[in-house]
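Working notes, structure below.
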Amino acid sequence: REGYGTIVGSGNAATTLHYVFNDQPCKDGDLLLIDAGAEYEYYTGDITRTWPVSGKFTPVQAKVYQGVLNLEKSLIDYVKPGVPFKSLQEKTVEYMTDMMIDLNLLKGTRQQLIDSLAYKKYYPHGVSHYLGMDVHDSGLHVINGEPRNLEAGMAFTIEPGLYIPADDESAPKELRGIGIRIEDNIVVTKTGSENLTASCPKEIAEMEALIGRA
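If you're matching positions, the sequence shown starts at 136 in my numbering and goes up one per residue.
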């Protein structure tokens, strides 16, 4: 059964984190973001994929998508026992801030933009949450005042994203209305991690080929 209320947003609706109306018409040129998960034996998945309605990413969409995907894959590779949980978010904020500078969304140095929280304008959420019997499962991030390290058996999401509202006149015109999130479900193993949702396509070529067959 459905693990939680599915989020389906196209075009500018994809820039809303938890878009619940799910009634925005899909138009050529839009990106479609779907955040969904099934429950099995009381445990739920939580997957997000974003793809082009037309079946092919525009060059600008592809650049942003590939940037988010590169980060997501690097974070998954980084996961292993002993890694501080908080470092996942720290690495994400640094990468996304650099990406915003590169895309001319923000101006300033990386550290200035992080210290001022300016990056939150386009990346306002955490990159991970525990996953289990609840889609946002309970679990401590700090133990006895110390940041918690990853341990074998932990399950959580990795879900970077970038959201640029269509009415944001400070953003380059070609970026307005782009909302992208890529989310997988990760389990920490004794030596690294296992991606439980690895079979769900996310590479640009895979997505375009899959849509082309629909």
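Idealized CB from N, CA, C, for every residue including glycine.
Chain-order list of residues whose beta-carbon lies under 8 Å from that of residue i (same chain, five-residue window excluded)
{"i": "glycine 288", "result": "Val322 and Val323"}
{"i": "leucine 223", "result": "Leu210, Tyr213, Val214, Val262, Ser263 and Ile293"}
Selected residue, minimal CA-CA separation from residue i, among the options
{"i": "proline 300", "options": "Ala197, Val199 and Thr150", "result": "Thr150"}
{"i": "threonine 141", "options": "Tyr178, Thr183 and Gly164", "result": "Thr183"}
{"i": "lysine 162", "options": "Ala171, Phe220 and Gly144", "result": "Gly144"}
{"i": "histidine 276", "options": "Gly243, Val218, Thr326 and Glu309", "result": "Val218"}
{"i": "glycine 314", "options": "Glu137, Thr227, Leu152 and Ser273", "result": "Leu152"}
{"i": "glycine 180", "options": "Ala171, Met235, Tyr258 and Pro187", "result": "Ala171"}
{"i": "asparagine 239", "options": "Lys226, Gly296, Tyr257 and Val228", "result": "Tyr257"}
{"i": "alanine 169", "options": "Asp250, Tyr177 and Trp186", "result": "Checking the displayed sequence, the identity of residue 169 turns out to be isoleucine instead of alanine. Among Asp250, Tyr177 and Trp186, the Cα nearest to that of isoleucine 169 belongs to Trp186."}
{"i": "glycine 138", "options": "Glu174, Glu309 and Gly296", "result": "Glu174"}
{"i": "alanine 333", "options": "Gly146, Ile317, Asn147 and Lys198", "result": "Ile317"}
{"i": "aspartate 250", "options": "Glu229, Glu207 and Lys325", "result": "Glu229"}
{"i": "glutamine 201", "options": "Leu285, Asn157, Leu297 and Gln246", "result": "Leu297"}
{"i": "glycine 274", "options": "Gly312, Ala290 and His260", "result": "Ala290"}
{"i": "leucine 310", "options": "Gln196, Leu167 and Pro160", "result": "Gln196"}
Residue interval of the alpha helix (DSSP H) (run including residue i)
{"i": "serine 114", "result": "A question about residue 114 goes unanswered here, because the residues of the chain that appear run from 136 up to 349."}
DSSP state of residue i mapped onto helix, strand, coil
{"i": "serine 145", "result": "strand"}
{"i": "tyrosine 257", "result": "coil"}
{"i": "glycine 327", "result": "coil"}
{"i": "phenylalanine 291", "result": "strand"}
{"i": "isoleucine 317", "result": "coil"}
{"i": "threonine 183", "result": "strand"}
{"i": "glutamate 343", "result": "helix"}
C-beta neighbour in chain C for residue i, strict 7 Å
{"i": "glycine 146", "result": "Structure shown: chain C not included; a single protein chain is present."}
Proximal residues to residue i (C-beta, below 7 Å), its chain only, five neighbours per side dropped
{"i": "isoleucine 211", "result": "Ile293, Asp319, Ile321, Ser328 and Asn330"}
{"i": "tyrosine 177", "result": "Met268"}
{"i": "asparagine 235", "result": "For the sequence presented, residue 235 should be read as methionine rather than asparagine. Cβ within range, chain order: Leu241, Tyr254 and Tyr257."}
{"i": "methionine 342", "result": "Trp186 and Pro336"}
Nonlocal neighbours in the same chain, by C-beta distance under 6 Å from residue i, ignoring five residues either side
{"i": "aspartate 272", "result": "Tyr265 and Leu266"}
{"i": "proline 282", "result": "Pro219 and Lys221"}
{"i": "leucine 204", "result": "Ile317"}
Span of the beta strand (DSSP E), counted from its first residue to its last, around residue i
{"i": "isoleucine 299", "result": "296 to 299"}
{"i": "leucine 310", "result": "Element bounds for leucine 310: n/a, residue is neither H nor E."}
{"i": "leucine 168", "result": "166 to 171"}
#### Entry: alpha helix (DSSP H) runs contained entirely in the stretch 220 to 256, provided each spans 4 or more residues
220 to 237 and 245 to 250
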